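Chemist:
In the working numbering, the protein residues as written are 329 to 613.
(1) What residue does the alpha helix (DSSP H) around residue 418 start on, and which one ends it?
(2) So if DSSP puts residue 524 in a beta bridge, which residue, or which two residues, is it bridged to?
(3) Within its chain, find whatever has a CB closer than 6 Å to the CB of residue 442; leave out the 5 residues flanking it on each side and keep chain order.
(4) Short check: CB of residue 546 to CB of residue 517, under 8 Å?
(5) Using DSSP's beta-bridge definition, name the partner residues of residue 529.
(6) Pull up the CB-CB distance for residue 561 and residue 521, whole angstroms please, since I reckon it's below 8 Å.
(7) With a 10 Å radius around its C-beta and 16 neighbouring C-beta atoms as the bar for buried, classify residue 437 as buried or exposed.
(8) What are the start and end residues of the alpha helix (DSSP H) that includes residue 508?
(9) Quick check on the DSSP output: what are the complete alpha helix (DSSP H) runs of length 4 or more inside the stretch 426-492, in order along the chain?
(10) Take residue 405 and list the residues in its own chain whose beta-carbon comes closer than 7 Å to its own, dropping the five residues that flank it on each side.
(11) Is residue 452 near the ligand NAD, going by C-beta to nearest heavy atom under 7 Å?
(12) Look at the Cβ atom of residue 566, then the Cβ atom of residue 583, and state whether they are nearer than 8 Å.
This is the structure in structure tokens:
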């Protein structure tokens, strides 16, 4: 016979369960092991009938017990890493819009974490990062250059600090003999170029591969390893030379191009015209 007073029945059940908690848990565990399929079927049926109510209960419990919920989630993830990844992949395929929105919302709420993750990824995947940058630059070179110009205009102090650091790491190849050569050659030595200033002294034989000719004296002749170029033709020579070289040789081209832009702006020369002339050099080859 059931109790007439339901509240009293519930109270008695709670008291009994609390007194015999360990025994009840052990009994339930053994029963589940013996009747696993039956229990799974019962769980599925119960969840299907009471889906919304169970979800609400779960959300309410997580709000009341955030620490316990996090700990349980971490524990489950550690024990079921592969399963978690599989479920995540299935959910993202079914809900691409929700996934994008949740990702954007999390990024807005956690900008520092996003930056830290980006730094760590770039640090651990340097080659992939360089490859993606090269592909992005190849698709939109003009857009990339425009962004760099805009950033340089907005951050002049930072540009100066970078230049100082670069000069410390890569001392200028300016010796007394180079200065003497530049003073005695007042014009760019590129064919049909009449630019007078500023001039860059270029080593015909690379000073890195042939350090003994760094002062320009090749085979006991004075200054025959030097040649003077204006900033644009100095960049054009290195740009053409670097096309068949490794990526590290191309790293200094950015600084040379920055000097070209500075020189062009000072002399009121269109960058677009210089780029057209540079393209024509390649087509003539």
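Each residue gets a CB set at the ideal place from its N, CA and C atoms; glycine is no exception. Remember, predicted model here, so these are calculated numbers, not experimental data.
Modeler: For this structure:
(1) 409-422
(2) DSSP, once it has assigned bridges, lists no residue as partnering residue 524.
(3) 435
(4) Contact flag unset, no.
(5) Beta-bridge analysis with DSSP links residue 529 to 556.
(6) The beta-carbon distance between residue 561 and residue 521, rounded to whole angstroms, is 6 Å. This is short enough to meet the 8 Å contact definition.
(7) exposed
(8) Note, residue 508: alpha helix (DSSP H), 504-512.
(9) 439-452, 454-467 and 469-482
(10) 412
(11) This structure does not include the ligand NAD; it has no bound ligands of any sort.
(12) Not in contact: residue 566 and residue 583 (Cβ atoms no closer than 8 Å).
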